[in-house]
Amino acid sequence: MAITYNAENALFRIENARFSYVFFVNSKGVLQHLYFGKPIGETDLSSADLGWDWSKTYLSADGAEKIYEDNYYNDRSMAEVPSHGLMDKSGAQFVIEKSGGVTATSFVYKKHRIYDGKPKLSALPSTHGDDAQTLEITLDDVYGNERLLLSYTVYGDLGALIRNASIINCGKTEIRVKRAYSLGLDLPRSDFDLMHFHGDWCLERFAERKPLANGRFTVESTMGRSSHEKNPFAVLCDRHATEDTGEAYAFSFVYSGNFTLAANVDKWRRTRVLLGICDEDFSFALGSGETFEVPEGVLVYSDRGLGGVSRTMHDLVRNNLITHKKAKAARPVLFNSWEGCYLDFDTQSILAYAENAAKIGAELFVLDDGWFGKRDTDCSSLGDWFVADGKIDLKKVIDKCHSLGMKFGIWFEPEMINPDSDLYRTHPDYALGDGGYERTLSRHQLVLDTSRKEVADRLFKDMSAILDKYEIDYIKWDHNRNIGEITGSDTPYGEVCHRLILGTYSLLDRLQKKYPEIFFEGCASGGGRFDLGMLYYNPQIWTSDETDPVQRLFIQYGTSYAYPLSVMGSHISKNPITSYTAKGRIALFGTYGIEMNPCLLSESEREEVREVNEIYKKYHCEVIQNGDLYRLASPFEGNYTSMMSVSKDKSKALVLFANVLKENNRYRFIKLKGLDPDKRYSNSHDGKIHDGRYYMQIGLNFTAWLEEFTTFLVVLEEA
Ligand code: DGJ
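Just so you know, we're using our numbering here: the sequence shown kicks off at 26 and counts up by one.
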């Protein structure tokens with residue numbers, strides 16, 4: 026890994042074993058992009074600059090018409106920081122309104138430094154880790170007094186480049202940041218397919234792939250959270266790219282609020298990718314001397330297709346994003362009460378749940394929604410974080426769990442408030458929306474204004490009171506509605522959405538510093554906030570409220586393009602369509618847990634769950650949680666889903682195969698991937714031993730009569 030600067034041609038080169046990223050400072054002081062792709066070493070890139078000879082002229086400050094000496098004309102050159110208000114109309118990275126209404130924004134190089142390490146952002150989650158090198162460039166706006174600190178970080182030989190920016194108002198008057206994107210990337214071609222991950226509640230991250238066309242394609246959320254509907258992750262890949270071959274570029278965002286991820290194909294057939302905070306409802310005032318920190322953007326390059334993109338993302342998330350110290354350790358078998366009883370429980374029924382959960386091997390008992398305030402229906406009590414004493418004796422339940430050898434976890438939904446709550450009755454102003462008008466309720470609740478410090482402080486105090494009093498090992502942090510009205514806040518309108526997220530991050534930060542042992546799982550009506558910002562604080566996120574195993578195949582497969590299996594909350598549930606064994610096999614390709622009324626299980630069903638637990642305990646941590654994922658057959662393309670995960674030392678692998686429709690006998694070989702060709706592996710499918718080459722060339726033989734929804738889970742172990 027090396028970041029170098031060549032003073033002779035003012036050229037920056039960021040290179041490791043996976044990619045080269047090259048740009049230079051032109052004679053106007055503007056950064057021009059040259060190359061992002063497979064490592065190319067010292068190759069002379071001077072011909073890659075689009076110095077066309079039909080030069081354009083400009084009117085210089087002394088009134089004379091001059092010709093751009095180097096043929097640089099900012100419409101057609103590849104930009105490193107796309108400007109605003111000049112000739113380039115393919116999309117700006119920053120729009121900043123200065124005094125007198127000037128909005129042209131174009132940054133020029135002042136200085137740079139290259140150093141080992143990676144600075145932490147002050148109020149935002151960010152990547153981190155050893156073996157980091159950072160390039161930081163200082164630029165000044167030609168049309169104002171703002172300074173831009175641009176940074177690029179690379180971690181060892183990981184195929185990811187982390188981009189960051191901060192705007193500092195060095196002038197004496199206030200400026201308004203109207204757009205602050207984390208990155209712009211120009212690619213000198215447009216013959217890409219674009220893949221993005223859209224959805225809905227119970228339908229998260231369905232993969233869609235289509236040819237990129239002229240014009241602008243935008244994946245965006247204005248929901249106040251990253252959302253079920255769109256995910257802040259997209260891939261541009263060769264039209265013929267497969268799981269294993271072809272070039273692919275991926276884009277991701279370390280942020281949980283409104284975002285824009287756009288690909289613009291312009292008249293030159295250049296593709297410009299822009300990624301940042303969505304600028305609808307965004308306008309941030311920066312006083313003299315103040316800094317605006319832009320969230321981190323992630324670029325991934327792979328010349329090994331989509332699988333290569335995913336494995337890079339997975340390593341980045343596990344090694345350079347998640348902060349919890351126990352994230353890589355084996356996780357306990359989690360039992361969650363929600364789908365068993367919803368809000369309808371009391372001390373006796375939960376004690377019975379605990380006893381029966383322990384019998385099926387649970388090691389962490391999670392009491393979901395319903396333990397606080399007067400929460401007997403979802404119409405009340407969000408905001409009242411005190412135990413519903415008449416309903417549940419929390420201490421007794423926790424003691425019981427501990428005596429059964431289980432840890433104990435609890436549910437919170439801190440950022441929300443029900444109008445029917447003590448908190449609302451005393452502080453109606455804590456809720457967003459102007460009380461003089463109708464406000465949209467969603468799941469009977471309003472959104473708390475965490476952009477205000479006193480609101481976040483109140484949450485910190487109330488949650489701390491619970492966490493100080495009870496022995497709690499785990500928190501499920503939920504968020505069950507989109508943001509609607511953003512009025513009614515003391516925070517200026519254009520800052521509310523961003524400051525809400527900052528408030529949430531700071532609350533998470535304070536709680537995690539105070540209670541470093543507590544393990545957090547994120548959630549947002551299922552997987553409505555599945556993003557790198559949340560993963561920084563939550564080493565796992567509940568993937569979806571959809572626990573139908575067939576639907577889960579799609580949801581987990583789609584989610585796996587960006588996110589490792591170790592973060593994808595997935596449970597065996599009561600869903601009746603198939604056996605607990607089959608549901609368990611699918612849940613194993615995620616974080617794994619159990620969620621139903623455990624008192625209703627028959628002895629044979631308990632046995633099925635216990636058998637899945639055994640596989641979980643024996644293989645999951647090494648093979649799935651910390652291993653490498655290979656997707657083998659996509660549910661989006663055919664009747665089968667197959668994927669496998671291989672331990673990093675390639676000594677073990679787990680393979681899942683599931684069909685949806687019934688099929689008769691036919692040749693059905695699934696070729697495996699990622700094994701060591703020379704290692705010999707036993708397999709639990711036919712009990713034979715073959716070398717890795719055999720499994721990767723011939724494959725596992727699933728030629729059989731397949732009833733509707735048959736599943737196989739095959740264990741491979743080095744013989
Ligand atoms: C939505 C979550 O996705 C569920 O798992 C559950 O926690 C409910 N909220 C509780 O209200």
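Ideal Cβ positions, reconstructed from N, Cα and C, are used throughout, including at glycine.
Check your understanding: Residue range of the alpha helix (DSSP H) that F485 falls in?
Key -> Looking at the DSSP string, the run of the alpha helix (DSSP H) that includes F485 is K478 to K494.
Practice item. For ligand 1, enumerate in chain order all residues having a CB closer than 6 Å to any of its heavy atoms. Key: Selection around ligand 1 by beta-carbon proximity, strictly under 6 Å to any non-hydrogen atom, yields W363, D393, D394, W436, D503, N505, C548, S550, G551, W567 and D570 in chain order.
Review point. What is the DSSP secondary structure of C227, counted as helix, strand or coil?
Key: In the structure shown, C227 adopts coil according to DSSP, grouped into three states.
Exercise for review: May I have a chain-ordered list of the beta strand (DSSP E) segments no shorter than 3 residues that lie completely inside the region 364-396?
Suggested key: DSSP runs (the beta strand (DSSP E)) wholly in the region 364-396: 389-392.
Practice item. Go ahead and pull the three-state DSSP assignment for V260. Key: Looking at V260 - three-state DSSP - the assignment turns out to be strand.
Check your understanding: Of all Cβ atoms in chain D, is any one closer than 8 Å to the Cβ of T606?
Key -> In summary, chain D is missing from the structure at hand, where a single protein chain is found.
Check your understanding: Once you ignore the five residues that flank G408 on each side, which residues in its own chain have a CB closer than 8 Å to its CB?
Key -> Contacts found: G398, M441, I442, N443, S446, D447, L448, Y449, Y455 and L473.
Practice item. Could you give the DSSP three-state label for S191: helix, strand or coil? Key: Strand.
Review point. At what residues does the beta strand (DSSP E) containing I640 begin and finish?
Key: No beta strand (DSSP E) contains I640, which is instead part of the alpha helix (DSSP H) from E628 to I640.
**Study point:** Short Cβ contact (8 Å threshold) for V50 with Y60
**Key:** Going by C-beta atoms, V50 is not nearer than 8 Å to Y60.
Review point. Is H715 buried or exposed, if buried means 16 or more other CB atoms sit within 10 Å of its CB?
Key: Its Cβ being crowded by 16 or more others within 10 Å, H715 is buried.
Review point. In this structure, does DSSP put F579 in helix, strand or coil?
Key: Helix.
**Study point:** Neighbour-count burial assignment, K501, 16 or more Cβ in a 10 Å radius
**Key:** K501 should be labelled buried.
Point to revise | K432: first and last residue of the uninterrupted alpha helix (DSSP H) it sits in | key: For K432, there is no enclosing alpha helix (DSSP H); the enclosing beta strand (DSSP E) covers residues K432 to F437.
**Study point:** Whole-number beta carbon distance between H58 and D211, since they are thought to touch under 8 Å
**Key:** Confirmed, about 5 Å.
Check your understanding: Straight-line CA distance for Q722 to D503?
Key -> So the alpha carbons of these two residues sit roughly 45 Å apart.
Practice item. Below 8 Å CB to CB, which residues in the same chain sit around R477 once its five sequence neighbours on both sides are set aside? Key: If we look at R477 and ignore the five residues flanking it on each side, its Cβ neighbours are Y455, S514, D515, T516 and G528.
Exercise for review: Have a look at K704, F360, V167 and N256 and flag the residue whose alpha-carbon is nearest the alpha-carbon of C426.
Suggested key: Residue F360 is the option with its Cα nearest to C426.
Check your understanding: How long is the line joining the alpha carbons of F370 and E380, rounded to whole angstroms?
Key -> Spanning the two alpha carbons is a distance of roughly 15 Å.
Check your understanding: For G88, which of helix, strand or coil comes out of DSSP?
Key -> G88 falls in the coil class under three-state DSSP.
Review point. From Y641, E542, N563 and F217, pick the residue whose C-alpha is nearest to that of V739; which is it?
Key: Nearest C-alpha to V739: Y641.
Check your understanding: So which of E647, E254 and T130 has the shortest CA-CA distance to T285?
Key -> With distances taken between Cα atoms, T285 lies closest to E254.
Review point. When the Cβ atoms of the region 201-218 are set against those of the region 346-360, are three or more pairs found closer than 8 Å?
Key: Fewer than three pairs of CB atoms, one per stretch, sit closer than 8 Å, so the region 201-218 makes no contact with the region 346-360.
Review point. For I566, which beta-bridge partners are listed by DSSP?
Key: Answer is G547 and M593, bridged to I566.
Practice item. Compare the beta carbon distance of D498 and G430 with 8 Å and say whether it is the shorter of the two. Key: Not in contact: D498 and G430 (Cβ atoms no closer than 8 Å).
**Study point:** Extent of the continuous beta strand (DSSP E) run through H715
**Key:** Run containing H715: I714 to D716, per the beta strand (DSSP E) assignment.
Review point. Who pairs with H137 in a beta bridge, going by DSSP?
Key: According to DSSP, residue pairing for H137 in a beta bridge involves I162.
Check your understanding: Which class does M338 belong to by DSSP, given the choice of helix, strand or coil?
Key -> It is helical.
Practice item. Apply the 10 Å Cβ neighbour rule to Q565 and answer buried if 16 or more other Cβ atoms are within range, or exposed otherwise. Key: With 16 or more Cβ atoms within 10 Å of its Cβ, Q565 is classed as buried.
Exercise for review: Might you give, ordered along the chain, the residues of its own chain that have their beta carbon closer than 7 Å to the beta carbon of C404, omitting 5 neighbours on each side?
Suggested key: Closer than 7 Å at Cβ, skipping near neighbours: N443, D445 and H469.
Exercise for review: Return the chain-ordered ranges of every beta strand (DSSP E) run that is complete within the region 656-727 and spans a minimum of 3 residues.
Suggested key: DSSP runs (the beta strand (DSSP E)) wholly in the region 656-727: 665-671, 677-684, 705-708 and 714-716.
Practice item. Report back the beta-carbon spacing between I28 and Q118 to the nearest angstrom; my notes put them in contact at under 8 Å. Key: With a Cβ gap of about 21 Å, I28 and Q118 do not count as contacting.
Check your understanding: Excluding the five sequence neighbours on either side, which residues of its own chain have a C-beta within less than 6 Å of the C-beta of F37, listed in chain order?
Key -> For F37, where only same-chain residues beyond five positions count, the Cβ hits under 6 Å are Y30 and F48.
Practice item. Specify the secondary structure class of G652 as computed by DSSP and reduced to three states. Key: Reduced to three states, the DSSP call for G652 is coil.
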